[in-house]
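Inspection log for the structure reproduced underneath, given as structure tokens.
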Amino acid sequence: MTISEKKAVAVNRNRLLSIDFWVRILGMVVLGYIGWYFGSSSASNPRTSDETLAMQLLTLSGAGLGLLISHRITLYPIRNINQRLRRSTAQELIALALGSLLGVMLAALLSIPLSQLPGLLGSYSPALASFFIIYFCVVAFEYHKKNLVNFGVSLQTPKVRAVKEAVPMRRTCLVDTSAIIDGRVLAVVRSGFLDGILVVPRFVLNELQLLADSSDDMKRMRGRRGLDMLEEIRKDDQLRLEMPNDDIANARGVDQKLVTLALQDGHALITNDKNLSQVAELQGVQVLNLNVLSDAVRPPVGAGEMLVVKVREEGREREQGIGYLEDGTMVVVEDARERIGDEVRVIVSRVWTNDRGRMVFGRIMGSAGAFYGGKNDAGNYPARS
């Protein structure tokens, strides 16, 4: 973090502290006045010494209570609501508005007969009934928000539906620790293949911090790479990164928390972990696996094809050389140790693929065992050596 950014964070922090401070002072004055008012109104005229002491105690108690809790009952709920609204999708906001509207209408209709009840029932039952009805309607609409959206889409004309289906919706995507460390998610979002909000929960950040503080060199390097990648995403003005403090109390492990949070808030999940992908998909979570995407956009390579590869280093086995394709695919070239630094024509003998990627094996064109299944530069099929 640069010096200017640190100063900006300090200024924002001081501003928030000053808001908390003035709200607490205001709460102290208001509740102190309320305590004084109740003490003075209940005292006789002239006041006795006990009544004066009671009034002073009520005033001090009100002032102290206002100093302690006023910011918690005013600013904290407002900030929580603001954060929730920023993370909410259009479906959630529509469900909240419709549920509130229906709840208010039903509560108003039911309050008329309830207010006719005798005694305290007629005084308090309308308010209690209104609260529970509005709450029930909001929860019901929130729970069935996807069905409501699908119902609204079904009422649209075919032309409107076709236009909306052609335009991709912005969505929120949970990012797994493995995807952050991998780093390709940044390039995918910048390229426009993925348009949405990246959500990195606090427990994922904590896992990266544990890796960065690990005594194991490999884990420490992976953790620091992940933290650096998060910092790069945060600085990019084209990307929107959110780091909520949401935690799942009943879930064990980061993977289970990610799946539960994705189901709870309707997020997609970005990961490189094959096991996590399978578990999430079985539970109905939309998974974006970067390895699957990478394999999908790679040009196909099959046995018998010719590749032009620069041999960059020695292989593990005797006389092997190692090169790389433009997409990063490793090419193991037999009998190429003496050709390090040269570009050679390689005939693919086999391709090995797993969930992490692929590896190509081949021989230098013209060597023993190399067979090219295509045409050469002269347009002829070369004979097998």
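What the sequence shown shows, in full-length UniProt numbering, is residues 1 to 385, in sequence order. For glycine and all other residues, C-beta sits at the position ideal for the given N, C-alpha and C.
Write down the C-beta distance between residue i and residue j rounded to the nearest angstrom, noting that I regard them as a contact closer than 8 Å.
{"i": "P312", "j": "G323", "result": "In the sequence as displayed, the identity of residue 312 is Arg instead of Pro. Yes, R312 and G323 are in contact; Cβ-Cβ is about 6 Å, under 8 Å."}
{"i": "I340", "j": "G321", "result": "6 Å"}
{"i": "R363", "j": "D335", "result": "7 Å"}
{"i": "L57", "j": "M28", "result": "Between M28 and L57 the Cβ distance is about 15 Å, and since that is not below 8 Å, they are no contact."}
{"i": "A95", "j": "E142", "result": "5 Å"}
{"i": "G39", "j": "M55", "result": "3 Å"}
{"i": "residue 455", "j": "D182", "result": "The requested residue 455 is not part of the displayed model; the chain covers only 1 to 385."}
{"i": "L75", "j": "D20", "result": "6 Å"}
{"i": "G196", "j": "R220", "result": "Wrong, their Cβ atoms sit about 31 Å apart, outside the cutoff."}
{"i": "V188", "j": "L258", "result": "Not a contact, Cβ separation roughly 18 Å."}
{"i": "V175", "j": "V199", "result": "7 Å"}
{"i": "I133", "j": "L110", "result": "7 Å"}
Using only the alpha-carbon positions, how far apart do residue i and residue j sit?
{"i": "C173", "j": "D246", "result": "14 Å"}
{"i": "M105", "j": "G99", "result": "10 Å"}
{"i": "Q116", "j": "G122", "result": "6 Å"}
{"i": "I248", "j": "I270", "result": "19 Å"}
{"i": "R234", "j": "R318", "result": "46 Å"}
{"i": "E92", "j": "G253", "result": "27 Å"}
{"i": "V285", "j": "Q256", "result": "12 Å"}
{"i": "R47", "j": "I78", "result": "42 Å"}
{"i": "I73", "j": "S44", "result": "34 Å"}
{"i": "Q238", "j": "R350", "result": "41 Å"}
{"i": "G302", "j": "V309", "result": "15 Å"}
{"i": "L290", "j": "R184", "result": "7 Å"}
{"i": "I180", "j": "F361", "result": "30 Å"}
{"i": "R222", "j": "A212", "result": "7 Å"}
{"i": "A280", "j": "V287", "result": "7 Å"}
{"i": "G366", "j": "V344", "result": "11 Å"}
{"i": "L114", "j": "P126", "result": "6 Å"}
{"i": "M306", "j": "A296", "result": "21 Å"}
{"i": "S49", "j": "S18", "result": "39 Å"}
{"i": "A129", "j": "S61", "result": "34 Å"}
{"i": "L230", "j": "T260", "result": "23 Å"}
{"i": "L120", "j": "I112", "result": "15 Å"}
{"i": "Q209", "j": "R224", "result": "8 Å"}
{"i": "V207", "j": "T177", "result": "Before going further, note that residue 207 is Glu rather than Val in the sequence given. Roughly 8 Å between the two C-alpha positions."}
{"i": "L65", "j": "L26", "result": "12 Å"}
{"i": "V333", "j": "R240", "result": "43 Å"}
{"i": "residue 408", "j": "I69", "result": "Any answer about residue 408 is impossible in this case: the structure gives the chain only from 1 up to 385."}
{"i": "G315", "j": "D236", "result": "39 Å"}
{"i": "F136", "j": "L263", "result": "21 Å"}
{"i": "D243", "j": "I34", "result": "The amino acid occupying residue 243 in the given sequence is Met; Asp does not appear at that position. Whole-angstrom Cα-Cα distance: 40 Å."}
{"i": "P201", "j": "V23", "result": "30 Å"}
{"i": "F131", "j": "G103", "result": "9 Å"}
{"i": "H71", "j": "L227", "result": "33 Å"}
{"i": "V30", "j": "L53", "result": "20 Å"}
{"i": "P118", "j": "L205", "result": "57 Å"}
{"i": "residue 467", "j": "L194", "result": "Summary: the structure shown does not reach residue 467, with the chain confined to residues 1 through 385, and so no result is reported for it."}
{"i": "A107", "j": "Y124", "result": "13 Å"}
{"i": "L325", "j": "V331", "result": "7 Å"}
{"i": "S277", "j": "F203", "result": "18 Å"}
In the DSSP output, which residue or residues are listed as bridge partners for residue i?
{"i": "Y324", "result": "M330"}
{"i": "V309", "result": "V344"}
{"i": "W36", "result": "According to DSSP, W36 bridges with nothing at all."}
{"i": "R363", "result": "E334, I347"}
{"i": "A268", "result": "C173"}
{"i": "residue 392", "result": "Because the chain here runs from 1 to 385, residue 392 falls outside it and cannot be looked at."}
{"i": "L288", "result": "I270"}
{"i": "T353", "result": "R358"}
{"i": "E314", "result": "G321"}
Counting along the chain, where does the alpha helix (DSSP H) carrying residue i start and finish?
{"i": "R222", "result": "217–235"}
{"i": "T177", "result": "177–182"}
{"i": "A140", "result": "119–143"}
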